[in-house]
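> Sharing a structure with you now.
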Amino acid sequence: MTRDDVTVVGGGPIGLLAALGLAQAGIPVTVLEAASNVVRAPRAMIIHWSVLDGLDRLGILDDVLSAGLVQDSWSLRITATGETFRFDLGVLGDEVNRPFNLHLEQDRLAEILLRHATKLPNVTVHWGSRATEVTLDEHGATIVASGPEGNLRHRTSWVIGADGAHSVVRRGMGLGFPGMTWPESFVATNITYDFAGLGVQRCTGMIDPVDGALVAEIDGEGLWRYTYAESLRLPVEEIAQRIPAALKRALPGGDDIEVHAWSAFRMHERVADRFRVGRGILVGDAAHVTNPSSAVGFAGGFFDVWTLIETLTRVIIDADDPAVLDRYSQLRRQAFTEHASPLSSEFKQFVFNMDDPRRLDREVQRFRRVVGDRDLLRRFLKAGYDTKTPTLRN
């Protein structure tokens, strides 16, 4: 009997994770990626501690740890006073295997995943293949993709949409993407700057009514990610010209900062009504998007993949009832709407919209209590783990 195959549309980290996990289970996988190679642009780079065990199960954790920067805490800093709250992940050490986050840019993670996936004989990756149409039927999906040699019609048993917020797969499934868009966009810059000299720790949310920002060290050699927000009303085509002024205003000596790379993107809170329609399934930003302030949105994409690997393998390898994929859809959507999106929204408004002195005072008092009480700190740090789905296996 010919085994069902899977096509993953989208060759970013989430799509490559799905491809690697399914291929390791013995399923033939094809990846269609619109870009000509791994996309190199500053995006989310904090790998949450809660997903490290999953990377270990896929056999890539050692490579990821070698490439990334281990960080055993993160901080919030009130710029007006310099008061800093340090959240020590070490308090989770008796409950979790790896109580630390990892700083690793998405393109480097994608390269590791690609290297492992393409070693497998049942993985094929087509670069420069942009899916333009997806049609589902009872037995699978037909994908039309444009590439260097014109249009390609690709037939597959199952299609996974890992193609981001503007997902062609999601549209082919007949699903909308309801929600809201924040009135700001993020500008993520990779810069050389002595944050350590200011007393800023390796991963810090800078709380300021005008210049709130997320700061994270990238490589341990002076390269940092500095992400700030600006109004959507400002002309998109002038972002590059505005970056020096934003850095100069926010950072001492900021008029002489070297910017190595930057990217800008809108912030949304959106979720599809379902993550599965027939032979089509959604993961990551194709299924749900939240602002990246807390890192749990990125982690949510990982947990989508872990759960999908389990469920789709049961259907294809074990001939289980495909209805188990509806359970995947239900639980992963619930994890987003009840945990990931509220957590990210709360954190985003604290870092980037803290212009109410009374609210700031309440939050400062709360964080003083949290960092001063080990049990409160443990509960606070474990909140992001609620984006995980328990195993679905009976």
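First residue of the sequence shown: 27, per the numbering used here; consecutive thereafter. We put the CB at the ideal spot given by N, CA and C, even for glycine.
Which residues share a DSSP beta bridge with residue 97?
Residue numbering aside, residue 97 sits at position 71 when the sequence shown is read from its first letter. DSSP output for residue 97 lists 127 as bridge partner(s).
> For the beta strand (DSSP E) holding residue 144, just list the boundary residues, first then last.
For the purposes of this step, residue 144 is identified with residue 118 of the sequence shown, where counting begins at 1. Here residue 144 belongs to no beta strand (DSSP E), and DSSP marks it neither H nor E.
> Under 8 Å by Cβ, that's how I've got residue 143 and residue 60 pegged, so tell me the actual separation to the nearest angstrom.
The sequence position of residue 143 within the sequence shown is 117, counting from 1. The sequence position of residue 60 within the sequence shown is 34, counting from 1. Contact flag wrong, Cβ pair sits at about 18 Å.
> Applying the criterion that 16 or more other CB atoms from any shown protein chain within 10 Å of the CB defines a buried residue, is residue 207 buried or exposed?
Your numbering for residue 207 matches position 181 in the sequence shown. Looking at its Cβ environment, which holds fewer than 16 other Cβ atoms inside 10 Å, residue 207 is exposed.
> Apart from the five residues just before and just after residue 27, which ones in its own chain have a Cβ nearer than 7 Å to its Cβ?
Looking up residue 27 in the sequence shown gives position 1. Here the model assigns residue 27 a pLDDT of 39, short of 50, so the residue's position is not dependable, and the following value carries that caveat. Correct list: empty, nothing qualifies.
> Distance, Cα to Cα, residue 172 vs residue 180?
Walking along the sequence shown from the start, residue 172 turns up at place 146. Walking along the sequence shown from the start, residue 180 turns up at place 154. Each residue's Cα considered, the two are about 11 Å apart.
> Fully enclosed by the region 265-304, which beta strand (DSSP E) runs are 3 residues long or longer?
The qualifying runs are 284-297.
> Roughly how many angstroms lie between the CA atoms of residue 247 and residue 241, to the nearest whole one?
Indexing the sequence shown from 1 puts residue 247 at position 221. Indexing the sequence shown from 1 puts residue 241 at position 215. Approximately 15 Å, taken between the alpha carbons.
> Are there 16 or more other CB atoms within 10 angstroms of the CB of residue 258, so buried, or fewer, so exposed?
Translated into the one-based positions of the sequence shown, residue 258 becomes position 232. Under this definition residue 258 is an exposed residue.
> Alpha carbon to alpha carbon, how far is residue 261 from residue 302?
Locating residue 261 in the sequence shown gives position 235, where the first residue counts as 1. Locating residue 302 in the sequence shown gives position 276, where the first residue counts as 1. C-alpha separation (whole angstroms): 37 Å.
> Kindly give me the distance between the Cβ atoms of residue 35 and residue 194, rounded to whole angstroms, as I take these residues to be in contact under 8 Å.
The residue given as residue 35 occupies position 9 in the sequence shown. The residue given as residue 194 occupies position 168 in the sequence shown. Residue 35 to residue 194, Cβ: 7 Å. Contact.
> What would DSSP say about residue 335, mapped onto helix, strand or coil?
Taking the sequence shown and counting its residues from 1, one reaches residue 335 at position 309. Correct three-state label for residue 335: helix.
> Which word fits residue 330, buried or exposed, when buried means at least 16 other C-beta atoms lie within 10 angstroms of its C-beta?
Within the sequence shown, numbered from 1, the residue matching residue 330 stands at position 304. By the neighbour-count rule (16 or more Cβ atoms within 10 Å), residue 330 is buried.
> Skipping 5 residues on each side, what residues in its chain have a beta carbon closer than 7 Å to that of residue 200?
For the purposes of this step, residue 200 is taken as the residue at position 174 of the sequence shown. So the qualifying residues of the chain are 303.
> Sorted by chain position, which residues of the same chain lie with C-beta nearer than 6 Å to residue 105's C-beta, five sequence neighbours on each side aside?
Counting from one through the sequence shown, the residue named residue 105 turns up at place 79. Cβ within range, chain order: 232, 234.
> Can we say the region 354-371 touches the region 332-339, given the rule of at least three CB pairs closer than 8 Å?
The answer is yes - the region 332-339 touches the region 354-371, with three or more Cβ pairs under 8 Å.
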